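Report on the following structure.
Numbering (mature numbering (1 follows the signal peptide of the UniProt record, and there is no 0)), first residue to last: -26 to -1, 1 to 174.
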């Protein structure tokens, strides 16, 4: 009985050595692809722009030129989740300032809007920690009704990714108009257009 026990122990030792020898050999491997597709945003392009209304402080009719300023903050939000890293170009245009007096249509003559060059530009969504590396640039801009859309802000290639708020504080956007205009309320259509080409 004792011998049998010793033999059994020896067998275990041999098996153990064989097992150690096998682990030194190369282990079988198999490599597969890990796939992931990043699609564009829901609008199909990944680009979007929204803006608040732009209101100006009331002024009295005058025989000379009228000048007023924005009465509240004006914010423009630009989204670039396209994944193209091509940059973007934000243009703005304005239509006629139209009003009515005694059911007669009137137009504000000599109207001109002036945007300053130093709005607050904040990255509010995306990699905000590195926002300084992707900062878009705003321009000083004067626009008149009927003129072609003009670049207000743009981001160069590899910049401008994420969501940006371009904010003009109250009192910083100017509206000028000619003399002798009819005293009434005026409204114009301000159109912002965002394109994927920064130099467009």
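A virtual CB, placed ideally from N, CA and C, is assigned to each residue, including glycine. Values in this document were obtained by computation on a predicted structure and should not be read as measured data.
Proximity to residue i [Cα-Cα], best of the options
i           : options              : result
residue 50  : 138, 76 and 154      : 138
residue 63  : 109, 161, 73 and 155 : 109
residue 167 : 111, 129, 73 and 125 : 125
residue 53  : 85, 22 and 31        : 22
CA-to-CA distance, residue j to residue i, given in whole angstroms
i           : j           : result
residue -1  : residue 57  : 42 Å
residue 44  : residue 20  : 31 Å
residue 96  : residue 77  : 44 Å
residue 82  : residue 169 : 30 Å
residue 41  : residue 142 : 18 Å
residue 6   : residue 101 : A caution first: residue 6 carries a pLDDT of 48, below 50, which makes its placement in the model unreliable, though a value can still be read off. Cα-Cα distance, rounded: 31 Å.
residue 38  : residue 149 : 14 Å
residue 11  : residue 134 : Reliability fails at residue 11, whose pLDDT of 48 lies under 50, so the model's placement of it is uncertain and the value that follows must be treated cautiously. Roughly 22 Å separates the two Cα atoms.
residue 132 : residue 103 : 16 Å
residue 13  : residue 33  : Reliability of the predicted coordinates at residue 13 is poor, the pLDDT of 49 falling under 50, and the value obtained from them is presented with this limitation in mind. Residue 13 and residue 33: Cα-Cα distance of roughly 49 Å.
residue 85  : residue 128 : 25 Å
residue 160 : residue 93  : 25 Å
residue 162 : residue 69  : 5 Å
residue 144 : residue 59  : 32 Å
Assumed close pair residue i, residue j - CB separation to whole angstroms, cut-off 8 Å
i          : j           : result
residue 67 : residue 151 : The Cβ separation is near 18 Å, so there is no contact.
residue 88 : residue 116 : 5 Å
Where residue i falls, given that 16 or more other Cβ within 10 Å makes a residue buried
i           : result
residue 61  : buried
residue 155 : buried
residue 157 : exposed
Whole runs of the alpha helix (DSSP H) within the region 80 to 111, excluding any shorter than 4 residues:
none
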